[in-house]
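*Asks:* The sequence shown begins at 1404 in this note's numbering and counts up one residue at a time.
In this text, a Cβ means the ideal position worked out from N, Cα and C, and glycines have one as well.
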Amino acid sequence: MKKRGCKRFGISGTVLYYKNKPRFFGKGKYADNYFPVINMSKGGVSFLCNQRLKAGTALILKIIIPGISMEPEIIAVVKWISKNPEQSYRYQTGLAFNSYGEGKNQNPKEILRLFENLESTSDKQE
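1) Between which residues of its own chain and ILE1467 is the CB-CB distance below 8 Å, once the five residues before and five after are set aside?
2) I'd like the list of long-range same chain contacts for LYS1422, defined as Cβ closer than 8 Å, with 5 residues on each side in sequence excluded.
3) Counting pairs of Cβ atoms below 8 Å between the stretch 1502-1509 and the stretch 1451-1460, do you hit three or more?
4) Within the stretch 1446-1492, note down every full beta strand (DSSP E) run reaching 3 residues or more, in order along the chain.
5) Alpha carbon to alpha carbon, what distance is there between GLU1489 and LYS1465?
6) Let me know if ASN1510 comes out buried or exposed under the rule of 16 or more other beta-carbons within 10 Å of its beta-carbon.
7) What would DSSP say about ASN1520, mapped onto helix, strand or coil?
8) Return the Cβ separation of ARG1411 and SER1444 in integer angstroms, given the expectation that the two are a contact with Cβ distance under 8 Å.
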């Protein structure tokens, strides 16, 4: 059984900030710390952190990609958490992005286009 339908790629120096997605009103506040991204795709991202996030938790991410001026805010859900075998951070965490579209709790389609462009660029560099 194949788990992923999207090609994963990494861009050195990419980091993310996250905050809990408010259930009702309010904007919430991003954590002061940023976290290194292990890899990403148009369907999700994995990153290192010290907090054990709970599977199913809805988050809003801000991803900072070197060389890209756009800092997309992306709605995502925690899918998995595992201990990090390295000493730098305690956990590796995997997130699935919400679907793309114009509806409530969907991510804007320009974010999908950004990830498709990054994916095709990473193909040419391999």
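*Replies:* Concretely, from the data shown:
1) THR1417, VAL1418, LEU1419, TYR1420, TYR1437 and GLU1474
2) GLY1431, LYS1432, TYR1433, ALA1434, LEU1462 and ILE1463
3) no
4) 1447-1452, 1461-1467 and 1476-1486
5) 24 Å
6) buried
7) helix
8) 5 Å
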